[in-house]
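Enquirer: Take this structure, written in structure tokens, and hold onto it; I'll ask about it next.
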Amino acid sequence: MEKEYDVVIVGSGMGGLVSALILAKEGRTVCVLEKNSQFGGNLQTFSRDKKIFDTGVHYIGGLGTEQNLNKYLSFLGIMDELKLHKMEENGFDLISFGGDSTIYPHAQGYENFIQQLLIHFPKEENALRTYCNKIQEICNSFPMYNFEVGNGYNDEVTSYKLSDFLDEITTDEKLKAVLMGSNFLYVASKEKTPLYVHALTVNSYIQSAWRCINGGSQISKLLIKELKKYGGEVYKNAEVVSFEYNGTHIKSCETKSGKRYLGTQFISNFNLKQTLKMVGEQHFSKPFIKRIKSLEEVTSVFSTYIVLKKDSLPYQNYNRYHYNSVGDIWDTKGICDEGWPHLVVSSMNVDEPNQKWASGITVMTYMDFSEVEPWAETYNVSTIKKEEFRSDSYEKFKEDKVARIMKRLETVYPSISETVERIYTSTPLTYRDFIGAENGNMYGFVKDANNPMKTFISPRSKISNLFFSGQNIRMHGIMGVTIGAFVTCMEMLDKEEFIKKWNL
Numbered sequence: 001m002e003k004e005y006d007v008v009i010v011g012s013g014m015g016g017l018v019s020a021l022i023l024a025k026e027g028r029t030v031c032v033l034e035k036n037s038q039f040g041g042n043l044q045t046f047s048r049d050k051k052i053f054d055t056g057v058h059y060i061g062g063l064g065t066e067q068n069l070n071k072y073l074s075f076l077g078i079m080d081e082l083k084l085h086k087m088e089e090n091g092f093d094l095i096s097f098g099g100d101s102t103i104y105p106h107a108q109g110y111e112n113f114i115q116q117l118l119i120h121f122p123k124e125e126n127a128l129r130t131y132c133n134k135i136q137e138i139c140n141s142f143p144m145y146n147f148e149v150g151n152g153y154n155d156e157v158t159s160y161k162l163s164d165f166l167d168e169i170t171t172d173e174k175l176k177a178v179l180m181g182s183n184f185l186y187v188a189s190k191e192k193t194p195l196y197v198h199a200l201t202v203n204s205y206i207q208s209a210w211r212c213i214n215g216g217s218q219i220s221k222l223l224i225k226e227l228k229k230y231g232g233e234v235y236k237n238a239e240v241v242s243f244e245y246n247g248t249h250i251k252s253c254e255t256k257s258g259k260r261y262l263g264t265q266f267i268s269n270f271n272l273k274q275t276l277k278m279v280g281e282q283h284f285s286k287p288f289i290k291r292i293k294s295l296e297e298v299t300s301v302f303s304t305y306i307v308l309k310k311d312s313l314p315y316q317n318y319n320r321y322h323y324n325s326v327g328d329i330w331d332t333k334g335i336c337d338e339g340w341p342h343l344v345v346s347s348m349n350v351d352e353p354n355q356k357w358a359s360g361i362t363v364m365t366y367m368d369f370s371e372v373e374p375w376a377e378t379y380n381v382s383t384i385k386k387e388e389f390r391s392d393s394y395e396k397f398k399e400d401k402v403a404r405i406m407k408r409l410e411t412v413y414p415s416i417s418e419t420v421e422r423i424y425t426s427t428p429l430t431y432r433d434f435i436g437a438e439n440g441n442m443y444g445f446v447k448d449a450n451n452p453m454k455t456f457i458s459p460r461s462k463i464s465n466l467f468f469s470g471q472n473i474r475m476h477g478i479m480g481v482t483i484g485a486f487v488t489c490m491e492m493l494d495k496e497e498f499i500k501k502w503n504l
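In structure tokens, the structure reads:
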């Protein structure tokens, strides 16, 4: 006889695993289905030449005592087991620009953040204090961001543009560029990006910034370990391909191998557009389908993973964001011209607490999906290097891009080519195939201050027993997706009883 679960969750990204653990702790029987051979979505890591590389989680904020993400992960029971390395206090992110030898730091702690930038902008103290006060004010207007219960979106906050705010506090274009220098974390658009997206993203890191020792996959492993304590089940290589209905309710889902999983409730933790196709668009209103189909996805990424020669490059306890020019801070994400890459983001692997030498570097830059359109019909989710081949032309394409990235990287790390043992890459196709993200996008749908409600997606669907979780519910990133999972679960549980357990 087939087993029926209280909740079947499709997708094992952070949103799926956090939702699963919350529900299992509340006494629900839970099953998580993952299409890949590794759990975790963007928490996944991979190994090359015995070096571990992250696919998505290069650093995390808000993990200090009594800070927001710490509170959430403590509630979930995994905080104390995380192996973390705190980043440089006086500059966890360093921002630089071509033609300018100065390196501008983003420091931990708001007063320290101000003082470190005052060294380079001595006349801008008022602007810096206004900036820091506003970031914290906005974050305080989102109760769940602070592990508190309250009302959600404020129209005045969600429609306030980042670009307008920066223009109001200073006329110094270099300072504006420095303040949003880490915007690769959310992909800034001058005409669209709301200030709250910037604020919710950078605030956690200014509170405290951390790297995961040996990668972010430890988060998914710990969540699964905790989930199993409460009887939760997880299955990999279980790609869901269809859903079966009993009237207007979903009765079961079926995997590629033909196995059925029966459930009372279902959570989709994968690509929303694909979810609607698979579940059946006829079950949703036409305006909703039209709205979701019209939503623009954030751009994708080309990543270069550099295995370094032993003891050849000192470990650096910070990330580097290097732009060709101040003008490249806005809206160069889709441009692949002679100036590409307009931005390189570099982050070093951390393998042990007192690391002296770097073992590997991940270098990222924007890439529009149109760049890989010639190979869009290929599909590859092999984690074995020799099985990753798509075509000769694709390999040549990647080699050409790596050459340009390495040339740009020489301006950040002079003579870095001499330290390289081997180089590996991933493209928008990699993210599309492994993560299931539409066109390999990094962060879901583009948030637009001109129409903030367009990207507001309720975790409760029109199908009474189907719910959504993941980066399209509330915000992307570890913090955003974790909050989104709590929001989803509050729709499925007795909200008042659940909130009491937060000890608020």
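The opening position of the sequence shown corresponds to residue 1 in the UniProt record's numbering, with each subsequent residue numbered one higher.
Ideal placement from N, C-alpha and C gives every residue a C-beta, glycine not left out.
#1: In three-state terms, what does DSSP make of residue 504?
#2: Is the beta carbon of residue 272 closer than 9 angstroms to that of residue 470?
#3: Here's the rule: buried if 16 or more other CB atoms are within 10 angstroms of the residue's CB, otherwise exposed. What is residue 504?
#4: When the Cα atoms are used, what is the spatial distance from residue 179 to residue 206?
#5: Measure the C-alpha to C-alpha separation of residue 254 and residue 125 and round it to an integer number of angstroms.
#6: Tell me whether residue 335 is buried or exposed, calling it buried when 16 or more other Cβ atoms sit within 10 Å of its Cβ.
#7: Between the Cα of residue 327 and those of 265, 298, 174, 429, spot the shortest distance and give me the residue it belongs to.
#8: Whole angstroms is fine: what's the gap from residue 90's alpha carbon to residue 113's?
#9: Tell me residue 94's beta-bridge partners as DSSP assigns them.
#10: Give me the Cα-Cα distance between residue 163 and residue 102, rounded to the nearest whole angstrom.
#11: Tell me the rounded alpha-carbon separation between residue 171 and residue 502.
#12: Under a three-way DSSP split, which group does residue 420 fall into?
#13: Keeping to the same chain, check which residues put their C-beta closer than 6 angstroms to that of residue 5; ignore five residues upstream and five downstream.
#14: Taking the C-alpha atoms as reference points, what is the distance between residue 46 and residue 305?
#15: Which full runs of the alpha helix (DSSP H) of 4+ residues lie inside the segment 265 to 312, going along the chain?
#16: What do you reckon, are the CB atoms on residue 485 and residue 16 nearer than 9 angstroms?
#17: Return the first residue and the last residue of the alpha helix (DSSP H) that residue 489 is part of.
#18: For residue 59 versus residue 14, is the C-beta spacing smaller than 9 angstroms?
#19: Is the distance from the Cβ of residue 23 to the Cβ of residue 490 below 9 angstroms?
#20: What do you reckon, are the CB atoms on residue 300 and residue 472 nearer than 9 angstroms?
#21: Mind checking residue 371: buried by the 16 CB within 10 Å criterion, or exposed?
#22: At what residue ranges does the segment 97 to 176 contain a whole run of the beta strand (DSSP E), taking only runs of 3 or more?
#23: What residues in its chain sit with their C-beta under 7 angstroms from that of residue 64, if we drop five residues either side in the sequence?
#24: List the endpoints of the continuous beta strand (DSSP E) containing residue 244.
#25: Between the beta-carbon of residue 320 and the beta-carbon of residue 359, is there less than 9 angstroms?
#26: Residue 314 bridges to which residues according to DSSP?
#27: Any beta-carbon of chain E closer than 9 angstroms to the one on residue 73?
#28: Taking 8 angstroms as the cut-off, does the CB of residue 299 come closer than this to any heavy atom belonging to the ligand ATP?
#29: Name the two residues that bound the continuous alpha helix (DSSP H) containing residue 201.
#30: Going by DSSP, what residue range makes up the beta strand (DSSP E) through residue 48?
#31: Taking the beta strand (DSSP E) that residue 233 belongs to, which residues open and close that run?
#32: Can the beta-carbon of residue 217 be found closer than 9 angstroms to that of residue 61?
#33: With a threshold of 6 angstroms on Cβ separation, who are the neighbours of residue 298 within its own chain once the five nearest residues in sequence on each side are excluded?
Expert: In this structure, then:
#1: Within the sequence shown, residue 504 is the residue found at index 504, counting from 1. Unreliable positioning characterises residue 504 in this predicted model, as indicated by a pLDDT of 49, which lies under 50. The coordinate reading is nonetheless provided below. Here residue 504 sits in coil by DSSP.
#2: Against the sequence shown, residue 470 aligns to sequence position 470. Against the sequence shown, residue 272 aligns to sequence position 272. Their beta carbons are under 9 angstroms apart, which means residue 470 touches residue 272 by this criterion.
#3: Counting from one through the sequence shown, the residue named residue 504 turns up at place 504. Any answer about residue 504 is weak, because its pLDDT of 49 lies below 50 and its placement is not dependable; what the coordinates show is given next. With fewer than 16 other Cβ atoms within 10 Å, it is exposed.
#4: The residue you call residue 179 lines up with position 179 of the sequence shown. The residue you call residue 206 lines up with position 206 of the sequence shown. Taking the straight line from one Cα to the other gives about 12 angstroms.
#5: Locating residue 254 in the sequence shown gives position 254, where the first residue counts as 1. Locating residue 125 in the sequence shown gives position 125, where the first residue counts as 1. Taking the straight line from one Cα to the other gives about 59 angstroms.
#6: As a first step, residue 335 is located in the sequence shown; it is residue number 335 there, counting from the start. So residue 335 counts as exposed.
#7: Along the sequence shown, read from residue 1 onward, the residue named residue 327 stands at position 327. Taking only the C-alpha atoms, the option nearest residue 327 is 174.
#8: Residue numbering aside, residue 90 sits at position 90 when the sequence shown is read from its first letter. Residue numbering aside, residue 113 sits at position 113 when the sequence shown is read from its first letter. Answer to the nearest angstrom: the Cα atoms are 8 angstroms apart.
#9: Along the sequence shown, read from residue 1 onward, the residue named residue 94 stands at position 94. Per DSSP, 105, 320.
#10: Position 163 of the sequence shown, counted from the start, is the residue given in the question as residue 163. Position 102 of the sequence shown, counted from the start, is the residue given in the question as residue 102. Approximately 24 angstroms, taken between the alpha carbons.
#11: In the sequence shown, the residue the question calls residue 171 occupies position 171. In the sequence shown, the residue the question calls residue 502 occupies position 502. Answer to the nearest angstrom: the Cα atoms are 44 angstroms apart.
#12: Along the sequence shown, read from residue 1 onward, the residue named residue 420 stands at position 420. Three-state result, residue 420: strand.
#13: Translated into positions along the sequence shown, residue 5 becomes position 5. Cβ neighbours of residue 5 beyond the five flanking positions: 29, 31, 263.
#14: Start at 1 with the first residue of the sequence shown, and residue 46 comes out as number 46. Start at 1 with the first residue of the sequence shown, and residue 305 comes out as number 305. For residue 46 and residue 305, the distance between alpha carbons rounds to 11 angstroms.
#15: 272 to 279, 286 to 294
#16: Position 485 of the sequence shown, counted from the start, is the residue given in the question as residue 485. Position 16 of the sequence shown, counted from the start, is the residue given in the question as residue 16. The answer is yes: Cβ separation under 9 angstroms.
#17: Mapped onto the sequence shown, residue 489 falls at position 489. That run of the alpha helix (DSSP H) goes 477 to 492.
#18: Numbered from its first residue, the sequence shown carries residue 59 at position 59. Numbered from its first residue, the sequence shown carries residue 14 at position 14. For residue 59 and residue 14, no; Cβs fall outside 9 angstroms.
#19: Position 23 of the sequence shown, counting from 1, holds the residue named residue 23. Position 490 of the sequence shown, counting from 1, holds the residue named residue 490. Not a contact, by the Cβ cut-off of 9 angstroms.
#20: Here residue 300 refers to the residue found at position 300 when the sequence shown is read from its first residue. Here residue 472 refers to the residue found at position 472 when the sequence shown is read from its first residue. Cβ atoms of residue 300 and residue 472: not closer than 9 angstroms.
#21: Numbered from 1 along the sequence shown, position 371 holds the residue referred to as residue 371. The residue is buried, with at least 16 neighbouring Cβ atoms inside 10 Å.
#22: 100 to 106
#23: Working through the sequence shown from its first residue, we reach residue 64 at position 64. Excluding positions up to five away in sequence, the list reads 70, 207, 208.
#24: Along the sequence shown, read from residue 1 onward, the residue named residue 244 stands at position 244. Unbroken beta strand (DSSP E) run through residue 244: 240 to 246.
#25: On the sequence shown, position 320 is the one that residue 320 refers to. On the sequence shown, position 359 is the one that residue 359 refers to. No, they are not a contact pair.
#26: For the purposes of this step, residue 314 is taken as the residue at position 314 of the sequence shown. Looking at the DSSP assignment, residue 314 forms a beta bridge with 357.
#27: Any reference to chain E falls outside this structure, which holds one protein chain only.
#28: For the ligand ATP, the structure offers nothing, since it holds no ligand at all.
#29: Numbered from its first residue, the sequence shown carries residue 201 at position 201. 195 to 207 is the extent of the alpha helix (DSSP H) around residue 201.
#30: Against the sequence shown, residue 48 aligns to sequence position 48. Residues 45 to 48.
#31: Taking the sequence shown and counting its residues from 1, the one referred to as residue 233 is at position 233. Taken as a continuous stretch (DSSP letters only), the beta strand (DSSP E) holding residue 233 covers 233 to 235.
#32: Position 217 of the sequence shown, counting from 1, holds the residue named residue 217. Position 61 of the sequence shown, counting from 1, holds the residue named residue 61. Going by C-beta atoms, residue 217 is not nearer than 9 angstroms to residue 61.
#33: In the sequence shown, residue 298 corresponds to position 298, counting from 1. Once the five neighbours on either side are set aside, the close Cβ partners of residue 298 are 187, 441, 442, 443, 446.
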